[in-house]
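Worksheet: the structure to be examined is printed underneath.
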Amino acid sequence: MQSGQPRALRPEHSPSTPLASLAAVIGAATSPESAVRGVSVTGIEQRSDAVLPGDLFAALPGARAHGARFAAAAVAKGAVAVLTDAAGAQLAGPLPVPVLVRENPRAVLGELSATIYGNPSERLRIVGITGTSGKTTTAYLVEAGLAAAGLSTALIGTIETRIGGRRVPSALTTPEAPQLHAMFALMVEQGVDAVVMEVSSHALTLGRVDGVRFAVGAFTNLSQDHLDFHADFDDYFAAKRKLFEPDSPVAARTAVVCVDDEWGRRLAAGLPDPVTVSTTRTAAWSVTGAVSAHGGEQDFTAAGPHGEIAVRLRLPGHYNVANGLLAVAVCAAAGVEPSIAAPALATVDVPGRMQRVERGQDFLAIVDYAHKPAALESVIATLRGHLAADTAGRLAVVIGAGGDRDAAKRPLMGAAGARGADLLIITDDNPRTEDPAAIRAAVGSGALEVPETERGEVREIGDRAEAIAAAVEWARPGDVVLIAGKGHEAGQEIQGVKHPFDDRDVLAAALERRCPQGNHAEDLTVS
Numbered sequence: 007m008q009s010g011q012p013r014a015l016r017p018e019h020s021p022s023t024p025l026a027s028l029a030a031v032i033g034a035a036t037s038p039e040s041a042v043r044g045v046s047v048t049g050i051e052q053r054s055d056a057v058l059p060g061d062l063f064a065a066l067p068g069a070r071a072h073g074a075r076f077a078a079a080a081v082a083k084g085a086v087a088v089l090t091d092a093a094g095a096q097l098a099g100p101l102p103v104p105v106l107v108r109e110n111p112r113a114v115l116g117e118l119s120a121t122i123y124g125n126p127s128e129r130l131r132i133v134g135i136t137g138t139s140g141k142t143t144t145a146y147l148v149e150a151g152l153a154a155a156g157l158s159t160a161l162i163g164t165i166e167t168r169i170g171g172r173r174v175p176s177a178l179t180t181p182e183a184p185q186l187h188a189m190f191a192l193m194v195e196q197g198v199d200a201v202v203m204e205v206s207s208h209a210l211t212l213g214r215v216d217g218v219r220f221a222v223g224a225f226t227n228l229s230q231d232h233l234d235f236h237a238d239f240d241d242y243f244a245a246k247r248k249l250f251e252p253d254s255p256v257a258a259r260t261a262v263v264c265v266d267d268e269w270g271r272r273l274a275a276g277l278p279d280p281v282t283v284s285t286t287r288t289a290a291w292s293v294t295g296a297v298s299a300h301g302g303e304q305d306f307t308a309a310g311p312h313g314e315i316a317v318r319l320r321l322p323g324h325y326n327v328a329n330g331l332l333a334v335a336v337c338a339a340a341g342v343e344p345s346i347a348a349p350a351l352a353t354v355d356v357p358g359r360m361q362r363v364e365r366g367q368d369f370l371a372i373v374d375y376a377h378k379p380a381a382l383e384s385v386i387a388t389l390r391g392h393l394a395a396d397t398a399g400r401l402a403v404v405i406g407a408g409g410d411r412d413a414a415k416r417p418l419m420g421a422a423g424a425r426g427a428d429l430l431i432i433t434d435d436n437p438r439t440e441d442p443a444a445i446r447a448a449v450g451s452g453a454l455e456v457p458e459t460e461r462g463e464v465r466e467i468g469d470r471a472e473a474i475a476a477a478v479e480w481a482r483p484g485d486v487v488l489i490a491g492k493g494h495e496a497g498q499e500i501q502g503v504k505h506p507f508d509d510r511d512v513l514a515a516a517l518e519r520r521c522p523q524g525n526h527a528e529d530l531t532v533s
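Per the working numbering, the sequence shown starts with residue 7, numbered consecutively.
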């Protein structure tokens with residue numbers, strides 16, 4: 007229904023499922039009843055422009071329009087049947103294909119997609135990772151650990167979808183159910199053994215992972231985010247719990263829970279037999295001894311049911327120790343010996359996560375995805391630790407906040423930046439359909455609420471490229487410049503238009519203008 011969306015990755019050979027049996031599985035009425043005889047389905051799609059011949063078109067009610075408005079277009083592209091609700095059937099009008107009518111068709115979309123593609127998730131070792139921060143980093147670490155054991159792996163997440171080395175940009179942290187199960191079927195077809203995927207609260211609430219059989223579910227942490235979508239923190243937490251609670255249809259067989267924060271402890275307390283992970287307290291997996299940080303790398307010892315395992319990470323910060331420990335525990339839960347998985351973690355860099363941009367400058371320049379208050383605080387604390395350990399330098403932070411998203415976190419972002427930075431530059435992130443100046447004002451209000459004696463200089467520069475350039479010009483030898491909020495993103499969305507904009511490229515260009523004779527080294531994740 008929406009043009010410009012990535013096409014689904016599909017298997018070359020899909021099962022052919024009788025439409026009559028699908029109707030029976032979901033308890034749908036058919037119109038006309040006799041029309042389903044002899045009709046078979048080989049795929050499912052809820053986007054009319056992505057329909058392939060043999061598909062069942064899922065015409066779902068949406069926030070802006072009912073999918074049934076596009077049913078005729080889907081049929082013209084080869085849809086052999088339509089699934090919708092009573093209102094959709096009336097809206098679509100007479101069609102030359104059978105129509106399956108069911109109340110709330112979205113509720114059965116996941117299981118239906120799984121059935122159509124032959125329940126591929128049952129033939130894969132699927133690891134789902136949820137939480138507010140750390141999902142992407144943990145997913146990359148887990149994938150490396152599983153691959154080290156000789157498994158053929160796939161990754162589905164915020165930055166990319168990767169199948170056997172083939173990279174596809176991700177439209178959503180978790181794809182919609184029809185695309186997800188089609189991808190699983192393709193993975194099975196290509197010999198994939200294990201899939202590591204980020205699972206967002208939106209995906210759990212909207213049923214995008216319905217029909218998925220998770221072998222392992224992992225929880226990182228919970229902090230303020232998505233309260234534009236969820237009613238409150240408890241509602242946000244309830245969405246995350248769906249990946250773990252025994253009575254949930256998408257509950258993982260094994261739950262691995264980081265209990266460093268209150269929400270992790272609450273989650274673990276309500277589960278029958280969780281594998282707990284903690285860097286601060288007694289748990290099934292914990293850190294023994296001190297964490298050794300050097301040159302941005304970190305060494306620590308993970309202690310668990312398999313004994314003590316030495317772990318090295320190319321990622322700084324205490325929060326990445328938690329991510330690394332969780333990754334080791336998840337690999338063990340997925341059947342990989344920690345002694346095999348752990349060494350692979352030392353090879354992992356994560357795009358847009360503490361990624362260093364080097365152009366011969368005499369200060370540290372970092373791009374990071376931190377776009378939530380707690381994540382920003384953690385990154386700032388890590389970089390402050392770097393300054394304390396290695397230099398007497400200062401810290402500049404460039405931040406904004408996204409439009410059409412949780413407005414309550416905007417002043418909190420400003421406060422976190424003001425408390426931690428010597429220079430805070432408030433700029434535009436992805437304003438989307440909102441007034442950028444209003445967003446900046448909300449971020450600025452939080453910054454200016456921090457007492458003058460406890461905050462650094464605060465500036466507002468709406469143009470993001472100019473803000474980045476100003477931070478670069480401000481820096482002197484030994485300083486750190488942090489560009490936060492967008493990380494790996496390659497665009498800036500303004501009034502429905504996504505303009506090319508990559509913080510890493512813009513930062514590199516600003517550094518090159520300052521250091522035209524600099525060494526244009528490869529950009530690296532801080533390590």
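Heads up, the beta-carbon is just placed ideally off N, CA and C, and yes, glycines get one too.
Relative to the Cα of Arg446, the nearest Cα in the group Thr144, Thr353, Ala413, Arg461 belongs to Ala413. Between the alpha carbons of Leu62 and Glu128 lies a gap of roughly 22 Å. In the three-state reduction of the DSSP assignment, Ser20 falls in the coil class, being assigned neither a helical nor a strand state. Counting along the chain, Met189 sits inside no beta strand (DSSP E); it lies in the alpha helix (DSSP H) bounded by residues 183-195.
Bounds of the alpha helix (DSSP H) holding Pro417 are 415-426. Between Thr294 and Glu314, the beta carbon gap of about 6 Å places them in contact (Cβ cut-off 8 Å). The C-beta distance from Ala200 to Leu147 rounds to 14 Å, too long to fall under 8 Å, and the pair is not in contact. Inter-residue distance for Ala444 and Arg416 is about 11 Å (C-alpha atoms, whole angstroms). Judged by DSSP in its simplified three-state form, Arg362 adopts strand. Of Gln185, Gly358, Glu466, the smallest CA-CA separation from Leu513 is found for Gly358.
Between Pro67 and Leu89, the gap from beta carbon to beta carbon reaches 8 Å or more. Inclusion of His72 and Gly99 in the CB contact set at 8 Å is not warranted, their separation being larger than that value.
Contact annotation: the region 467-483 touches the region 398-410, with at least three C-beta pairs closer than 8 Å.
Every beta strand (DSSP E) stretch that sits fully inside the region 367-416 and reaches 3 residues is listed by chain position as 370-374, 401-405. For Ile169, the enclosing beta strand (DSSP E) starts and ends at 166-169. By the beta-carbon neighbour count (other beta carbons within 10 angstroms, threshold 16), Glu268 is exposed. Contact between Ile132 and Arg214 is ruled out by a C-beta separation of about 14 Å, above the 8 Å threshold.
No residue range can be given for Ile467, since it is assigned to no beta strand (DSSP E) and is classified by DSSP as neither H nor E. Contact annotation: Ala191 and Pro104 have beta-carbon atoms that are not nearer than 8 Å. Distance from the CA atom of Gly124 to the CA atom of Val222, rounded to whole angstroms, is 21 Å. Counting other Cβ atoms within 10 Å of its Cβ, Phe239 stays below 16 and is therefore classed as exposed. Cβ-Cβ distances below 7 Å link Glu182 to Gln52, Arg214 in the same chain, with the five nearest sequence neighbours on each side left out; the list follows chain order. With a cutoff of 8 Å on beta-carbon distance, Leu488 and Glu463 are scored as not near each other.
Sixteen is the threshold: when 16 or more other Cβ atoms of the shown chains lie within 10 Å of the Cβ of Glu495, as they do, the residue is buried. The alpha carbon of Ile162 has as its nearest neighbour, out of Ala155, His187, Gly156, the alpha carbon of His187. Annotation for Val205: Gly134, Ile135, Thr136, Thr180, Val215, Leu249 place their beta carbon closer than 7 Å to its own, counting only its chain and skipping 5 residues before and after. Of the residues Gln304, Leu228, Ser292, the one whose Cα lies closest to the Cα of Arg272 is Leu228. Using a Cβ-Cβ distance cut-off of 8 Å, the region 329-343 and the region 359-374 are not in contact, since fewer than three pairs of beta carbons, one from each stretch, lie closer than that value. Here Val327 is buried, its C-beta having at least 16 other C-beta atoms within 10 Å. The alpha carbon of Gly491 has as its nearest neighbour, out of Glu518, Val385, Gly391, Asp485, the alpha carbon of Val385. Beyond the five residues adjoining it in sequence on each side, Asp435 comes within less than 6 Å, by CB distance, of Gly406, Ala407, Gly408, Gly491 in the same chain, given in chain order. In summary, Gln96 is exposed, with fewer than 16 beta-carbon neighbours lying within 10 Å of its beta-carbon over all protein chains present. Close CB contacts of Ile467 within its chain, under the 7 Å cut and outside five residues either way in sequence, are with Ile431, Thr433, Ala473, Ala476 (chain order). The three-state secondary structure of Cys337, taken from DSSP, is helix.
Around the beta carbon of Gly452, 16 or more other beta carbons sit within 10 angstroms, so the residue counts as buried.
By the Cβ-count criterion, Ser345 is exposed, with fewer than 16 other Cβ atoms from all chains shown falling within 10 Å of its own Cβ.
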